[in-house]
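Peer 1: Below are the structure tokens for one structure; questions will follow.
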Amino acid sequence: MSNGSILLKNLTVKGFTFENRYACAPFDIAMATEDGLITEELLSIYKKRTGPSLIVVEQAAVASAGQYREKLIYVDRDECIEGLAKLADIIHKNNQVGIVQINHAGSAANVELTGMEAVAPSAVINPAFKRTMPKALTIEEIQQIKEDFVKAAIRIKKAGFDGVEIHNCHGFLLTQFLSPITNLRTDEYGGSLENRSRFLLEITTEVRKAIGDDLLLLVRLGLDDLLTGGLTLEEGCQVAEKLVEAGIDILDTSSGMLPPLVLKGPAMLRDMIKTVKSRVTVPVIGAGDLEDIEIAADMVEKGEVDFIALGRPILKQPNFVEGLLEKIKSEA
Numbered sequence: 035m036s037n038g039s040i041l042l043k044n045l046t047v048k049g050f051t052f053e054n055r056y057a058c059a060p061f062d063i064a065m066a067t068e069d070g071l072i073t074e075e076l077l078s079i080y081k082k083r084t085g086p087s088l089i090v091v092e093q094a095a096v097a098s099a100g101q102y103r104e105k106l107i108y109v110d111r112d113e114c115i116e117g118l119a120k121l122a123d124i125i126h127k128n129n130q131v132g133i134v135q136i137n138h139a140g141s142a143a144n145v146e147l148t149g150m151e152a153v154a155p156s157a158v159i160n161p162a163f164k165r166t167m168p169k170a171l172t173i174e175e176i177q178q179i180k181e182d183f184v185k186a187a188i189r190i191k192k193a194g195f196d197g198v199e200i201h202n203c204h205g206f207l208l209t210q211f212l213s214p215i216t217n218l219r220t221d222e223y224g225g226s227l228e229n230r231s232r233f234l235l236e237i238t239t240e241v242r243k244a245i246g247d248d249l250l251l252l253v254r255l256g257l258d259d260l261l262t263g264g265l266t267l268e269e270g271c272q273v274a275e276k277l278v279e280a281g282i283d284i285l286d287t288s289s290g291m292l293p294p295l296v297l298k299g300p301a302m303l304r305d306m307i308k309t310v311k312s313r314v315t316v317p318v319i320g321a322g323d324l325e326d327i328e329i330a331a332d333m334v335e336k337g338e339v340d341f342i343a344l345g346r347p348i349l350k351q352p353n354f355v356e357g358l359l360e361k362i363k364s365e366a
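Using my numbering, the first residue of the sequence shown is number 35, and each one after it goes up by one.
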């Protein structure tokens, strides 16, 4: 196969055919209304995001208390469905598979925006965001947030999307549960890796049940906190294996507590991605400065990854991937 052409190779996952190996990463656009509804401006941007076979829509808050920043999408109430349906239609008209990422920011929430107290597994300042001291969640509150994730997933299904992605990286709530730095609990949700991963796995299981087997279920998993005393890559791989058992269809990868930009250079997460790919039986999405066609193709060719996710380049130039595909085809 000629250089780069493997990135044009179709891949079918659970009846959904992806026409190439590029994905649009869920990078924040932040152009929703103040109360998180889809705007025409946001729709126009996604309309221009031609090229990737997979679109993962930016994080949508499952609860108002869990919003990270202003003008991000909400999916916390039925009122949100109408706008999301318009977005799903645009993505499908571009012949793309559409997924919405759902999130709760936990201690990374913007309390000035939400007007509510930030929450977390434990009363620990978030090392990634260093915002206000959060309140430790009670068991009852944990169960409520789990229900919020499930209801959000159902709304996304009603809007006509092809699947849901659960956000578990970059210092947000589910990452806070996984990390021993921010999770100091002594109950069933803290301590051992089994306990720290319990919340994520319970949400994954319940969302899988709620959306049924006809939709795709993804988790974006932070594999390594990149901090001393945090979640390790080996622990991240063990959680990935459990997520497969819980029913995910695709594993989306990144770093954990800290974003990958703390690392430098192209393909900064390549070793991490390759390691987890060898441990799971589902397709894997990789990210981390992968715009170089030769590097991306080499990773796919060697079986290190299945999808190449790009974020910042698409944010700067919505049709960036279209240009990459044209270049690959011209050189094939």
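Note that the Cβ used here is the ideal one computed from N, Cα and C, for glycine as well.
1) How about the segment 94 to 103 and the segment 142 to 161: do they share at least three Cβ pairs that are nearer than 8 Å?
2) At the 7 Å Cβ level, is Ile40 part of the contact set with chain C, yes or no?
3) Find the nearest neighbour of Val90 within the set Ile319, Val339, Ala331, Leu359, judged by alpha-carbon distance.
4) State the DSSP-derived secondary structure class of Glu328, mapped to helix, strand or coil.
5) Return the bridge partner residues of Thr266 from the DSSP annotation.
6) Straight-line CA distance for Pro161 to Met291?
7) Identify every residue that forms a DSSP beta bridge with Cys58.
8) Roughly how far, in whole angstroms, is the beta-carbon of Leu212 from the beta-carbon of Lys276, given that I think they are within contact range, below 8 Å?
9) In the DSSP output, what is Gly6 paired with across the bridge?
10) What is the rounded straight-line gap between the Cα of Glu269 and the Cα of Leu344?
11) My guess is that Asp258 and Met306 are in contact by the Cβ rule of under 8 Å, so how many angstroms apart are they, rounded?
12) Would you decide whether Met35 is buried or exposed? Buried here means 16 or more other CB atoms lie within 10 Å of its CB.
13) Go through the segment 245 to 326 residue by residue and report every complete run of the alpha helix (DSSP H) that reaches 4 residues or more, in order.
14) Just reading off the beta strand (DSSP E) that Gly197 is part of, what are its end residues?
15) Can you give me the Cβ contacts of Gly132 inside the same chain, cut-off strictly under 6 Å, excluding the 5 residues immediately before and after it?
16) Look at the alpha carbon of Val273 and the alpha carbon of Phe233, and state the distance between them as a whole number of angstroms.
17) So, with DSSP's three-state summary, where would you put Asn229?
18) For Val47, name the three-state secondary structure that DSSP assigns.
19) Counting only the same chain and skipping the five closest in sequence on each side, list residues whose C-beta sits under 7 Å from that of Pro352.
20) Using alpha carbons as the reference points, say which of Asp326, Lys350, Ile348 lies closest to Leu41.
21) If you run the structure through DSSP and keep just helix, strand and coil, what is Met35?
22) Which one or two residues does DSSP pair with Ala99 in a beta bridge?
23) Classify Phe183 as helix, strand or coil using the three-state DSSP reduction.
24) Which ranges does the beta strand (DSSP E) cover as unbroken runs of at least 3 residues, wholly within the segment 104 to 165, from first to last along the chain?
25) Would you say Gln210 and Gly264 are within 7 Å of each other, going by their C-beta atoms?
26) Would Gln93 pass as a contact of Gln135 if the rule is Cβ separation under 7 Å?
27) Report yes if the CB atom of Val253 is closer than 7 Å to the CB atom of Ile282, and no otherwise.
28) Quick check: the Cα distance between Phe341 and Arg304, rounded to an integer number of angstroms?
29) Contact defined as beta carbons within less than 8 Å: I believe Leu250 pairs with Leu285. What is the distance between those atoms, to the nearest angstrom?
30) Does DSSP put Lys363 in a helix, in a strand, or in coil?
31) Taking 7 Å as the threshold (C-beta atoms), are Leu118 and Ala64 in contact?
32) In three-state DSSP terms, what is Lys169?
33) Among Asn229, His138, Lys43, Ala193, which one has its Cα closest to the Cα of His204?
34) Any idea what DSSP makes of Phe206, helix, strand or coil?
Peer 2: This is what the structure gives:
1) Inter-segment contact for the segment 94 to 103 and the segment 142 to 161 is present: three or more beta-carbon pairs are separated by less than 8 Å.
2) You won't find chain C in this structure, because it holds only one protein chain.
3) Nearest C-alpha to Val90: Ile319.
4) The answer is helix: DSSP assigns Glu328 an H, G or I state.
5) In the DSSP output, where bridge partners are listed per residue, Thr266 has none listed.
6) The C-alpha of Pro161 lies about 8 Å from the C-alpha of Met291.
7) Bridge partners of Cys58: Ile89, Leu344.
8) That pair is no contact at about 11 Å.
9) Any question about residue 6 goes unanswered here, given that the chain covers just 35 to 366.
10) Counting only the Cα atoms, Leu344 lies some 26 Å from Glu269.
11) The pair is a contact, with the Cβ atoms about 6 Å apart (cut-off 8 Å).
12) In this prediction, Met35 has a pLDDT of 44, which is less than 50 and means its spatial position is unreliable; nothing more can be read from the coordinates.
13) Runs found: 267 to 280, 304 to 311.
14) Secondary structure note for Gly197: its beta strand (DSSP E) is the uninterrupted segment 197 to 202.
15) Ile89, Ala122, Ile125, Phe195, Asp196.
16) Cα to Cα, the separation comes out at about 12 Å.
17) Helix.
18) If DSSP states are grouped into helix, strand and coil, Val47 belongs with the strands.
19) Here the set comprises Ile79, Lys82, Arg83.
20) In terms of Cα proximity to Leu41, the closest of Asp326, Lys350, Ile348 is Asp326.
21) Bear in mind that the predicted position of Met35 carries a pLDDT of just 44, short of 50, making it too unreliable to give a figure here.
22) Answer is none; Ala99 lacks a bridge partner.
23) Here Phe183 sits in helix by DSSP.
24) For the segment 104 to 165, whole beta strand (DSSP E) runs of length 3 or above, ordered along the chain, are 131 to 137.
25) Not closer than 7 Å, so no.
26) Yes, the Cβ-Cβ distance between Gln93 and Gln135 is below 7 Å.
27) Cβ distance < 7 Å, so Val253 and Ile282 count as in contact.
28) Each residue's alpha carbon lies about 13 Å from the other.
29) 12 Å between Cβ atoms; not a contact.
30) Of the three classes helix, strand and coil, the one that applies to Lys363 here is helix, per DSSP.
31) In terms of Cβ geometry, Ala64 and Leu118 do not form a close pair [threshold 7 Å].
32) Residue state for Lys169 is assigned as strand, using DSSP reduced to three classes.
33) Nearest in C-alpha terms to His204, of all of Asn229, His138, Lys43, Ala193, is His138.
34) If DSSP states are grouped into helix, strand and coil, Phe206 belongs with coil.
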